[in-house]
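Have a look at the structure below before the remarks.
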Amino acid sequence: MKRLSQKASGPGFTLVELLVAVAILALLISILLPSLNSARQQARGVVCGMHAHDIGISLANYLAVYNGTYPFSYVYANDYNGNYGIDQQTDGYQDQFGYVQWSWLLYNNGSANENAFTCPSVHNGGLPRTYPGQERIDREPDQVTTYGQPINPEPIDHQARRLAYTANGYLMPRNKFTREASVGARIHYFVNETQIVNPAGIFTFTEFSNNYTLVAKEIDEGEGYSGRFNIKSHRPIMPCYDLGFGYMCYETPERTRSGFVYSEDETYNLIGTATVETQHGSWSFPFDTEPTNFVGRHHTGPDPRRAVISRYDNSPVSGAVNWTFVDGHVERMNIVDALDRKIFGDRIYSLSGCNGIVQNYADGNDQWKQPDENANWYCNDNAGPTF
1150 MKRLSQKASG PGFTLVELLV AVAILALLIS ILLPSLNSAR QQARGVVCGM
1200 HAHDIGISLA NYLAVYNGTY PFSYVYANDY NGNYGIDQQT DGYQDQFGYV
1250 QWSWLLYNNG SANENAFTCP SVHNGGLPRT YPGQERIDRE PDQVTTYGQP
1300 INPEPIDHQA RRLAYTANGY LMPRNKFTRE ASVGARIHYF VNETQIVNPA
1350 GIFTFTEFSN NYTLVAKEID EGEGYSGRFN IKSHRPIMPC YDLGFGYMCY
1400 ETPERTRSGF VYSEDETYNL IGTATVETQH GSWSFPFDTE PTNFVGRHHT
1450 GPDPRRAVIS RYDNSPVSGA VNWTFVDGHV ERMNIVDALD RKIFGDRIYS
1500 LSGCNGIVQN YADGNDQWKQ PDENANWYCN DNAGPTF
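Here the sequence shown stands for residues 1150 to 1536, numbered as in our numbering.
Following this line, the structure appears as structure tokens:
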């Protein structure tokens, strides 16, 4: 009886060869991963820019409907249904019915998709509403109300569920339409697009910080801060420092030709990028007067033309976000360049009385310009529509 012969198997891998192959694979992964992560971040930044462009189109549609008049950034609601009255925005008028915000004005009339207000580079796609309701997906676990109370089913702000973009307060006014609301001599007016001198040089909205606890007030419980945050996503960015009267533009007499600056310091009192993702409580001391810190740094982009080192943490102010301009174009830049280029505006269009922005640190000077009585000041005496 013949014995069946068995075909010899081919040569196999030795343990050493397998280990070498694994090491080579690990090396290739370590080389490729940063590139893949960078590509992923770039792709997210592109999506954020596309969303910013879409919102810009929606805003243009809104302007066409309302004869070129920009929306408010927010007002108090009169009821849970989102009704409001411009003449009822007083300092004593509480936010018990929540806020009506500019994003809602755009998507409520169908000119914008609510998802367009998100950015995948921002935590959870964007900041939650100040009064978000009790759906877990719509709020943060450490979020509380203005008064430090747990989030209730009502009110719910009339605002995008997740908001990655914030408005330019120079164009989209806060609810300070009466002196009772502003608690000062000046008030806000609505702004018409025909008033804007340089549409390609002034932005309408930009991206919030990726750190929602920064755009918030941390609740003080007397013996220290609590780690609970009242998130202020309804507010616009409106940097304003008066050379004669200090903070709060509303306190300056209307007939005074006020010289405003974005900040009283050449660093704009910006937090360094090294700690901006961990700093919190921007409406808590010492950051409660520097709203420009709410602007994000989460995209890669060109370094600012003027290097700024933060006085708070001695780190550079780097990183960039997308900015959508009045003429509709979207541009990525760092917050320092934005302030140096005066893209908030060379005047506060939404503020009553006479004013002008007189900042000049970008020119390499170490002193602010003082108000020039012979300058061409912008004087706003037109209350505009009150819808």
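Note that CB positions come from ideal geometry on N, CA and C, so glycine has one too.
| task | Give the single residue among 1465, 1461 and 1448 whose Cα lies nearest to the Cα of residue 1454. | result | 1465
| message | Would residue 1276 and residue 1382 be called neighbours here (beta carbons separated by less than 7 Å)? | response | yes
| C-beta atoms of residue 1461 and residue 1420 nearer than 7 Å | yes
| Residue span of the alpha helix (DSSP H) that contains residue 1369, given as start and end | Where residue 1369 is concerned, there is no enclosing alpha helix (DSSP H), although the beta strand (DSSP E) it sits in stretches over 1365-1369.
| Are residue 1417 and residue 1488 touching if we call contact CB-CB under 7 Å? | yes
| task | Check whether the Cβ atoms of residue 1196 and residue 1269 sit closer than 7 Å, and answer yes or no. | result | yes
| said: Among the candidates 1448, 1491 and 1494, whose CA atom is the shortest distance from the CA of residue 1481? | reply: 1448
| query | Do the CB positions of residue 1229 and residue 1246 come within less than 7 Å of each other? | reply | yes
| query | Helix or strand or just coil, what does DSSP make of residue 1266? | reply | helix
| said: Just to confirm before moving on: does the CB-CB distance between residue 1320 and residue 1219 stay below 7 Å? | reply: yes
| query | What number of angstroms, rounded off, separates the C-alpha of residue 1367 from the C-alpha of residue 1273? | reply | 20 Å
| said: Can you tell me where the beta strand (DSSP E) holding residue 1506 begins and where it ends? | reply: 1502-1506
| field | Classification of residue 1369 by the beta-carbon crowding that lies within 10 angstroms, buried from 16 upward | value | exposed
| query | By Cβ distance below 7 Å, which residues in the same chain neighbour residue 1249 in space, the five residues on each side in sequence not counted? | reply | 1223, 1224, 1226, 1231, 1233 and 1307
| Tell me which same chain residues have a C-beta within less than 7 Å of the C-beta of residue 1244, skipping the five on either side of it? | 1225 and 1295
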